[in-house]
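**Student:**
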Amino acid sequence: MSTFEFLMQGLLVAAQPMNLFYALIGVTLGTAVGVLPGIGPALTVALLLPVTYQLDPAGSLIMFAGIYYGGMYGGSTTSILLNTPGESASIVTALEGNKMARAGRGGPALATAAIGSFVAGLIATIGLAFIAPFIVKLALVFGPREYFALMVLAFVTVSSAFGDSTLRGLTALFIGLALSTIGIDQLTGQTRLAFGVPDLLDGIEVTTLAVAMFAIGETLFIAAQGNKGPDKVEAVKGSVWMSATDWARSWKPWLRGTLIGFPIGAMPAGGAEIGTFLSYATEKRLTKHPEEFGHGAIEGVAGPEAANNASAAGTLVPLLTLGLPTTATAAIMLAGFQQFGLQPGPLLFATNPQLVWGLIASLLIANFMLLVLNLPLIGLWVRLLTIPKPWLYAGILLFATLGTIGANPSVFELGMLLAFGVLGYIMRVFGYPIAPVVVGLILGPMAEQQLRRALAISQGDFSVLFTSPIAAVLLTIAALALIVPLILRARGRGEVLSQMAANED
Amino acid sequence: MNQGPVKQAEERRPDWAALVIAAVLVALAVIIYMDASRLREMMGYSPVGPSTVPTFIAIVLVGLAIWTVFAAFRRDFPEREHQEIAPVAWIIGGLAAQMLLLETAGFSIATGVLFAATAAGFGKRKIWISLPIGIVLCLAVWLVFAGLLQLSLPAGPIERLFQ
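Chains as they are written, first to last, in the numbering used here: chain A, -6 to 498; chain B, 233 to 395.
#1: Taking only beta-carbon positions, decide if residue 180(A) is within less than 8 Å of chain B.
#2: Which word fits residue 138(A), buried or exposed, when buried means at least 16 other C-beta atoms lie within 10 angstroms of its C-beta?
#3: Of all Cβ atoms in chain B, is any one closer than 8 Å to the Cβ of residue 198(A)?
#4: Shortest alpha-carbon distance to residue 460(A) belongs to which of 203(A), 282(A), 136(A) and 105(A)?
#5: Which residue comes first and which comes last in the alpha helix (DSSP H) that contains residue 238(A)?
#6: Quick check: the region 463 to 478 of chain A against the region 312 to 330 of chain B, are at least 3 beta-carbon pairs closer than 8 Å?
#7: Take residue 309(A) and list the residues in its own chain whose beta-carbon comes closer than 6 Å to its own, dropping the five residues that flank it on each side.
#8: Quick check on residue 314(A): does DSSP put it in helix, strand or coil?
#9: For residue 465(A), which residues of its own chain have a beta-carbon under 6 Å away from its beta-carbon, when the five flanking residues on both sides are left out?
#10: Three Cβ pairs or more, each shorter than 8 Å: is that satisfied between the region 421 to 431 of chain A and the region 103 to 114 of chain A?
#11: Determine, for residue 386(B), whether the minimum Cβ-Cβ distance to residues of chain A falls below 8 Å.
#12: If we cut at 8 Å on Cβ distances, does residue 366(B) have a partner in chain A?
#13: Which residue comes first and which comes last in the alpha helix (DSSP H) that contains residue 438(A)?
#14: So with CB distances below 9 Å, who are the chain A contacts of residue 287(B)?
#15: Figure out for me which residue from 345(A), 432(A) and 457(A) has the closest Cα to the Cα of residue 171(A).
#16: With DSSP as the reference, please indicate the residues paired to residue 298(B) in a beta bridge.
#17: Show which residues of chain A have a CB atom less than 7 Å away from the CB atom of residue 328(B).
#18: Give me the residue from 37(A), 452(A) and 43(A) with the minimum Cα distance to residue 67(A).
#19: Who are the near neighbours of residue 41(A) in its chain, counting only those whose CB is closer than 6 Å to its CB and skipping five residues on each side?
#20: Would you say residue 335(A) and residue 58(A) are within 8 Å of each other, going by their C-beta atoms?
#21: Whose C-beta lies closer than 6 Å to the C-beta of residue 386(A) among residues of the same chain, with five residues either side of it excluded?
#22: At the level of alpha carbons, what is the spacing between residue 248(B) and residue 56(A)?
#23: How many angstroms separate the CA atom of residue 448(A) from the CA atom of residue 284(B)?
#24: Is the CB of residue 332(A) under 8 Å away from at least one CB in chain B?
#25: Note down, in chain order, each residue of its chain lying with its Cβ closer than 6 Å to the Cβ of residue 374(A), except the 5 sequence neighbours on either side.
#26: Three-state secondary structure (DSSP) at residue 501(A)?
#27: Name the chain A residues whose beta carbon is nearer than 7 Å to that of residue 306(B)?
#28: Can you tell me which of 218(A), 189(A), 181(A) and 13(A) puts its alpha carbon nearest to the alpha carbon of residue 53(A)?
#29: Taking the C-alpha atoms as reference points, what is the distance between residue 440(A) and residue 454(A)?
#30: Taking Cβ-Cβ distances shorter than 8 Å, what residues in chain A pair up with residue 316(B)?
#31: Give the residues from the region 391 to 410 of chain A that approach chain E closer than 7 Å (Cβ to any Cβ), ordered along the chain.
#32: Leaving out five residues on either side along the sequence, give the residues of the same chain with a beta carbon under 8 Å from the beta carbon of residue 446(A).
#33: How long is the line joining the alpha carbons of residue 235(B) and residue 219(A), rounded to whole angstroms?
#34: I want to verify the contact list: residues of chain B whose CB lies under 7 Å from the CB of residue 361(A), in sequence order.
#35: Do residue 148(A) and residue 166(A) come within 8 Å of each other at the CB atom, strictly closer than that value?
#36: Go through its chain and collect everything with a Cβ distance to residue 289(B)'s Cβ below 7 Å, but skip five positions before and after it.
Below is the structure:
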């Protein structure tokens, strides 16, 4: 069957009334949570995971797709109306978008972000549908050593290629890897680092770690800043509709942003931020209104916002086809798959095509729903933004612990939540990135398994890791991604990299 | 911020907090190494057994600790903002209280306490207002999630009234 037929089949699955309903709940909840200041898509997905526990796999993943896209939309609203971006990928949107809102053009800024996200999401999701089968075919020739090399590459790009310090990125990654060895070894059944605690035999839950580090760590960090007075929410004055000039100035940035964002997200390179920065730089260079940049240029919102969403869809390419999460959000989505015993990868396309294509199709549907939902409901989202901090964070912790208790109502699990929350806080204070810990925790056991399989096949010959051309190329890129930033930083050129810092996802 | 900037330490003084981090990394490495050396090796054809990867992680952690020591002496760590202790203590206390109360007092009371403590950490110190709000809110959440979505949330005296 061709991709087109698969996609049509997927649309049939996604268009079942119950699944449409799940998608609608997903996008609404995702937007509502994503719009809250300080909550990025990674945390949105982690917080809302328990809502999906009781659904069947298809319904749950469809709701997940809605939550993911909804969280992305919500984040852009926050950064335009409030100058504290909820996600690092929205920093650029805040640059111009918040200026536009202050100048009374908040409506068009929100509109260009929403429509740009829609256009980018549409093109990128279709791109995902057409690229995925090719990568799946490619992945079928991958053996354990190629997978291992791919994971090493993901480790390097997530932890140390971007951000302001190789040392702190690698430290965060290895803390995640160390945590990932806790529990029963998958190949020999021996317990490691469990110290006789039965709760540790299954290892550490990715969602517990993610919720603790993002929600509790962030709450502690914000609380520790003391009272700085309330952030100012810009009121949306005038029409939310874009004028003809706005349209004329927006459509090219949307398309350029999509073209920049999608490939970057699709590569195992981690982070939607890079695409948004590149798109911003491109628009700044190509614009006919350079004087407006820095004071609220609509191109500076349209391009990066499209790039952001395109690369979010791009992240799903390695996740679905290779089972390789390259962002914290993707890592939590992988955990969502695993709760149903599903392992994304080439096999899933063969064994469960209905599920995979239903998911891809529901991304398209979620995208449409968001466009319809987002603009008319702006007033409601704005009201969510004005919740006073004490109640907001009290509520965030309520739902953060609810997720953990719902998954596993044990005192020990809550203790881990508290411990990792404190760890997340300390790491924030000292400038350590959080995402590598989460990615290390979920990818660590997979990388170890592939490594040990590869070496078992070669009867212990380590050179086998480098002798396959694909693996050799991947490992070389990984080595370059580790060494080049080190040299750049040593020569004092690190600012560019630290601007691309992947803090949240 | 209310406080003035923290007094800049002299250039030559090492960053003590970073040295503590290095020590913690070494301690972590030692724990991992001790645990790994306890494992029986069932190698078969492969030299890589269950202890290989943990041992590798332990070695890298020691390496990162040494690197951290260098960074501490060169003061490579970003300058830290002033941290208020009281709000952090409120929230950690709230989480600990929730953990201890959960089994006996049930979801609503335990999480209500967390809710009030977090609000207190952010400046709403009127517990007699925030605690009842928190408990009622948590009860509503309990009714939705335990009732409609059938999550197993621990029940206490309040929840039993609705069962």
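Glycine residues also receive a C-beta, built at the ideal position from the N, C-alpha and C atoms. Please read all numbers here as calculations on a predicted model, not as lab measurements.
**Tutor:** Per the coordinate set shown:
#1: Translated into positions along the first sequence, residue 180(A) becomes position 187. By this cut-off, residue 180(A) is an interface position.
#2: Reading the first sequence from its first residue, position 145 is the one you call residue 138(A). A residue is called buried when at least 16 other Cβ atoms come within 10 angstroms of its Cβ; residue 138(A) meets this threshold and is buried.
#3: Start at 1 with the first residue of the first sequence, and residue 198(A) comes out as number 205. False, the Cβ-Cβ gap to chain B never drops below 8 Å.
#4: Stepping through the first sequence from its first residue, residue 460(A) is reached at position 467. That would be 136(A), whose Cα lies nearest to the Cα of residue 460(A).
#5: Position 245 of the first sequence holds residue 238(A). Here the alpha helix (DSSP H) through residue 238(A) covers 237 to 259.
#6: no
#7: As a working mapping, residue 309(A) is identified with position 316 in the first sequence. Its chain contains 121 as the residues whose beta carbon lies nearer than 6 Å to that of residue 309(A), once the 5 sequence neighbours on both sides are disregarded; these appear in chain order.
#8: Mapped onto the first sequence, residue 314(A) falls at position 321. DSSP places residue 314(A) in helix when its eight states are reduced to three.
#9: One-based indexing of the first sequence puts residue 465(A) at position 472. Within the same chain, residue 465(A) has close Cβ partners 459.
#10: no
#11: The residue you call residue 386(B) lines up with position 154 of the second sequence. So, interface residue.
#12: The count along the second sequence starts at 1 and reaches residue 366(B) at position 134. Answer yes: the Cβ-Cβ gap between residue 366(B) and chain A drops below 8 Å somewhere.
#13: As a first step, residue 438(A) must be located in the first sequence, where it is residue number 445. Start and end: 428 to 450.
#14: Position 55 of the second sequence, counted from the start, is the residue given in the question as residue 287(B). Per Cβ cutoff of 9 Å: no residues; residue 287(B) is ~10 Å from chain A at best.
#15: If you number the first sequence from 1, residue 171(A) lands on position 178. Nearest option by C-alpha distance: 432(A).
#16: The count along the second sequence starts at 1 and reaches residue 298(B) at position 66. Partner(s): none; residue 298(B) has no beta bridge.
#17: For the purposes of this step, residue 328(B) is taken as residue 96 along the second sequence, with counting starting at 1. 411, listed in chain order.
#18: For the purposes of this step, residue 67(A) is identified with residue 74 of the first sequence, where counting begins at 1. Of the listed residues, the one whose Cα sits closest to residue 67(A) is 37(A).
#19: One-based indexing of the first sequence puts residue 41(A) at position 48. Answer for residue 41(A): 22 and 60, listed in chain order.
#20: What you label residue 335(A) is simply residue 342 of the first sequence in a count that begins at 1. What you label residue 58(A) is simply residue 65 of the first sequence in a count that begins at 1. Taking 8 Å as the Cβ cut-off, residue 335(A) and residue 58(A) do not qualify as a contacting pair.
#21: Here the question's residue 386(A) lines up with position 393 in the first sequence. For residue 386(A), where only same-chain residues beyond five positions count, the Cβ hits under 6 Å are 212.
#22: Along the second sequence, read from residue 1 onward, the residue named residue 248(B) stands at position 16. Along the first sequence, read from residue 1 onward, the residue named residue 56(A) stands at position 63. Per the coordinates, the alpha-carbon of residue 248(B) lies some 47 Å from the alpha-carbon of residue 56(A).
#23: Within the first sequence, residue 448(A) is the residue found at index 455, counting from 1. Within the second sequence, residue 284(B) is the residue found at index 52, counting from 1. Their Cα atoms are separated by approximately 12 Å.
#24: What you label residue 332(A) is simply residue 339 of the first sequence in a count that begins at 1. Chain B, which has no Cβ nearer than 8 Å to the Cβ of residue 332(A), makes this no.
#25: By one-based count along the first sequence, residue 374(A) stands at place 381. Answer for residue 374(A): 28 and 70, listed in chain order.
#26: Residue 501(A) cannot be examined here, being either before or after the span of chain A that is shown, -6 to 498.
#27: By one-based count along the second sequence, residue 306(B) stands at place 74. The contacting residues do not exist; residue 306(B) stays about 11 Å from chain A at best.
#28: Taking the first sequence and counting its residues from 1, one reaches residue 53(A) at position 60. Ranking 218(A), 189(A), 181(A) and 13(A) by Cα distance to residue 53(A) puts 13(A) first.
#29: Taking the first residue of the first sequence as 1, we reach residue 440(A) at position 447. Taking the first residue of the first sequence as 1, we reach residue 454(A) at position 461. A straight line joining the alpha-carbon of residue 440(A) with that of residue 454(A) spans about 17 Å.
#30: Reading the second sequence from its first residue, position 84 is the one you call residue 316(B). Here the neighbours are 216, 217, 218 and 219.
#31: Here the protein chains are A and B, and chain E is not one of them.
#32: For the purposes of this step, residue 446(A) is taken as the residue at position 453 of the first sequence. Closer than 8 Å at the Cβ level, and outside the excluded window around residue 446(A), lie 137.
#33: Along the second sequence, one-based indexing puts residue 235(B) at 3. Along the first sequence, one-based indexing puts residue 219(A) at 226. Caution applies to residue 235(B), whose pLDDT of 40 falls short of 50 and renders its modelled position unreliable; the value that the coordinates give is listed next. Cα to Cα, the separation comes out at about 10 Å.
#34: In the first sequence, residue 361(A) corresponds to position 368, counting from 1. Neighbours of residue 361(A) on chain B: none; closest Cβ ~26 Å, over 7 Å.
#35: Position 173 of the first sequence holds residue 166(A). Position 155 of the first sequence holds residue 148(A). Yes; because the gap between Cβ atoms is below 8 Å, this pair is in contact.
#36: Position 57 of the second sequence holds residue 289(B). Excluding residues within five positions, the ones whose Cβ falls inside 7 Å are 264.
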